[in-house]
Amino acid sequence: MTHDQPISKRLVLMTLLVATLFTCCAHAKESFKGAKQAIIQTNLGYIQIELYADKAPITVNNFIRYIQAGAFNSGRFYRVVRLDNDNGAPKIEVIQGGADPEFKDYSPIPLETTKQSGIKHLDGTLSMARGEPNSATSMFFICVGAQPSLDFGGTRNPDGQGFATFGKVIKGMDIVKKIHQIKDALEVEDDYVKGQMLAKPVKILKIDLVQ
Numbered sequence: 001m002t003h004d005q006p007i008s009k010r011l012v013l014m015t016l017l018v019a020t021l022f023t024c025c026a027h028a029k030e031s032f033k034g035a036k037q038a039i040i041q042t043n044l045g046y047i048q049i050e051l052y053a054d055k056a057p058i059t060v061n062n063f064i065r066y067i068q069a070g071a072f073n074s075g076r077f078y079r080v081v082r083l084d085n086d087n088g089a090p091k092i093e094v095i096q097g098g099a100d101p102e103f104k105d106y107s108p109i110p111l112e113t114t115k116q117s118g119i120k121h122l123d124g125t126l127s128m129a130r131g132e133p134n135s136a137t138s139m140f141f142i143c144v145g146a147q148p149s150l151d152f153g154g155t156r157n158p159d160g161q162g163f164a165t166f167g168k169v170i171k172g173m174d175i176v177k178k179i180h181q182i183k184d185a186l187e188v189e190d191d192y193v194k195g196q197m198l199a200k201p202v203k204i205l206k207i208d209l210v211q
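Mapped onto full-length UniProt numbering, the consecutive letters of the sequence shown carry residue numbers 1 to 211.
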């Protein structure tokens with residue numbers, strides 16, 4: 001565009017440029033919201049989730065691999081952590097689940113931190129359970145309330161790497177909270193999980209991808 005063009009023509013071109021940028025930004029937001037979805041069927045009800053494949057591709061692909069293999073058929077939610085039974089610090093509130101104990105896990109995956117994905121541990125966020133970094137397999141947890149200590153740089157895990165978020169509950173948080181309030185726990189020797197391991201785990205009947 002040269003300086004001798006009429007102002008009206010410049011205004012038209014600027015309007016088109018702004019409209020193009022707006023469309024691109026809107027498309028980017030839609031691609032994040034248009035993530036894959038799945039339904040976790042439990043013996044207490046259904047939990048519908050979004051999986052953010054564009055933000056956490058390694059973690060989501062791993063989770064889908066387990067779904068497609070039927071690993072979560074006969075899976076379970078087996079651990080609940082609340083303010084009144086948490087033995088770590090800072091205290092958190094989550095429910096933890098995983099595949100059928102008889103299913104042989106695949107090799108662990110690299111840790112996609114919240115710094116990489118941009119997905120924070122907020123209410124209803126799905127994240128991978130782990131010990132050391134790069135050790136997650138099929139176990140995952142769902143946050144009840146915001147849990148910033150689980151993000152990258154958080155102090156819940158001494159290594160400061162946090163946990164790998166990969167999705168969010170979009171329907172069925174009432175089922176998550178119902179599981180979270182179960183207080184009938186197993187007697188265990190490990191002080192860290194004392195009062196958290198369910199005497200009767202909630203059954204995951206299956207997880208289906210939504211077409």
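We put the CB at the ideal spot given by N, CA and C, even for glycine.
Beta-carbon proximity list for residue i, same chain, < 6 Å, skipping 5 on both sides
{"i": "D105", "result": "T137 and S138"}
{"i": "T155", "result": "S149"}
{"i": "G124", "result": "K168, V169 and M173"}
Which residues DSSP lists as bridging residue i, in chain order
{"i": "K55", "result": "DSSP lists no partner for K55."}
{"i": "E50", "result": "Q37 and K168"}
{"i": "S127", "result": "F141 and T165"}
{"i": "K206", "result": "Q41"}
{"i": "M197", "result": "R79"}
{"i": "A185", "result": "L198"}
{"i": "A136", "result": "I109"}
Spatial distance of residue i from residue j (CA atoms)
{"i": "S74", "j": "F103", "result": "10 Å"}
{"i": "N157", "j": "Y46", "result": "30 Å"}
{"i": "Y78", "j": "I179", "result": "9 Å"}
{"i": "A185", "j": "T114", "result": "31 Å"}
{"i": "I40", "j": "I175", "result": "11 Å"}
{"i": "C143", "j": "D100", "result": "21 Å"}
Contacts around residue i, its chain only, beta-carbon distance under 7 Å, and the 5 residues preceding and following it disregarded
{"i": "A38", "result": "I49, L51, I67, I207, D208, L209 and V210"}
{"i": "S135", "result": "P108"}
{"i": "E112", "result": "A56, I58, T59 and A164"}
{"i": "V202", "result": "T42, N43, L44, R76, F77 and I179"}
{"i": "N62", "result": "I109"}
Distance cut-off 7 Å: residue i Cβ against heavy atoms of the ligand HEM
{"i": "V80", "result": "With respect to small molecules bound, the structure shown includes none, and the ligand HEM cannot be examined in it."}
**OP:** Report the residue ranges of all alpha helix (DSSP H) runs contained in full by the stretch 70-99; include only those spanning at least 4 residues, in chain order.
**Re:** none
Original post:
Is there contact here, the stretch 53-68 with the stretch 159-168, by at least three beta-carbon pairs under 8 Å?
Top reply: These segments touch.
**OP:** Kindly confirm or deny that the stretch 80-89 and the stretch 186-200 touch, where touching means at least three C-beta pairs closer than 8 Å.
**Re:** The stretch 80-89 vs the stretch 186-200: in contact.
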